[in-house]
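Start counting the sequence shown at 1058; every next residue gets the next number (my numbering).
Quick reminder that beta carbons are idealized off the backbone N, C-alpha and C, glycines included.
Bear in mind that the values here come from a model prediction, so they are computed numbers and not experimental data.
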Amino acid sequence: MEWVRGEAVGRGSFGSVNLAKPRKQGTRFPQLMAVKSCGSSHSASLMNEKSVLEQLSDCPQIIRCFGGDSSFESGEKLSNLLLEYASGGSLAERVKNSAPAWRCSPDDDVCKLLMRIGVGDQIPDIPGNISAEGKDFLEKCFVRDPAKRWTAEMLLNHPFVIDQVHDDDDHTVPLDDTCEPSTSGSPTGPFDFPGWESPCSITSLPSREYSWDTDAWSPPSESNLASAERLRRLATEGRPDWSVSEGWVAVRW
């Protein structure tokens, strides 16, 4: 599809967003779109965004993706991603024009409310218009006691989740009969990992594949490979031979 770049909408840390219009009228594309562009060195980020949006394309609440291409502008090769243009304003404008958090007035004690949320026994209200399996899933998530709360592996195999991804079984984590809530409790912060280990730990990660136009996009560089893939390349079943001293560097203590 041929399109024309319009005025700028915004700019981020590695790219910019502009309005875009198709050159030909009457196509299956909307008459007004948004195009996200960045240098070819950051094309892997757009490839990842395109892959995620395509996987979520069935959700009407998610911005639609219309594909991508590359272009040369002002002597620079740009990678472009055509997206649905959502003209509802920015998050900053919504915060500025909306009511205070939790509909609190300036005289309310917000600190007291935060303490109640953090250490109180009250859990969020579960909507009454969802299914029984959905209510049970949320109840498992809202358990305050970490020792009784379901782990992420167990939640992935809850009937509420399984029914939603029945045609994508490759991404579900199998559970066996030994998966019970850990008595040590799940971590509650980045420094709260005292030897915690899930009895159903994942030993392998699914490889991620991208469907992309190879003529329009260059493959991602080594630095942009997924961390899991780089760890796989470093993994080995053999033990290091410390008897070989060649290549050692003397260190003074």
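For Ser1144, the secondary structure class from DSSP, reduced to helix, strand or coil, is coil. In the three-state DSSP reduction, Val1109 falls in the helix class (H, G or I).
Taking a cut-off of 8 Å for Cβ pairs, the segment 1115-1125 and the segment 1167-1185 do not touch, as fewer than three such pairs fall below it. The DSSP assignment places no complete run of the alpha helix (DSSP H) inside the segment 1114-1141 (cut-off: 4 residues). For Ser1094, the closest of Asp1193, Leu1110, Ser1128, Lys1192 by C-alpha to C-alpha distance is Ser1128.
Put simply, the backbone Cα of Ser1144 is about 13 Å away from that of Ala1065.
Between the segment 1067-1087 and the segment 1104-1118, the count of Cβ pairs shorter than 8 Å is below three; the stretches do not touch. When the alpha-carbon of Phe1071 is set against those of Ala1149, Asp1166, Asn1137, Gly1146, the nearest one is in Asn1137. Nearest to Gly1132 by C-alpha distance, out of Asp1202, His1215, Arg1287, Ser1097, is Ser1097. Taking the Cα positions, Glu1286 is about 42 Å away from Gln1179. Rounded to the nearest whole angstrom, the CA to CA distance from Pro1216 to Ala1204 is 22 Å.
Linking Gly1125 to Lys1192 through their CA atoms gives a straight-line distance of about 40 Å. For the options His1099, Val1200, Val1061, the alpha carbon positioned closest to that of Phe1086 is the one of Val1061.
Secondary structure of Lys1205 (DSSP, three-state): coil.
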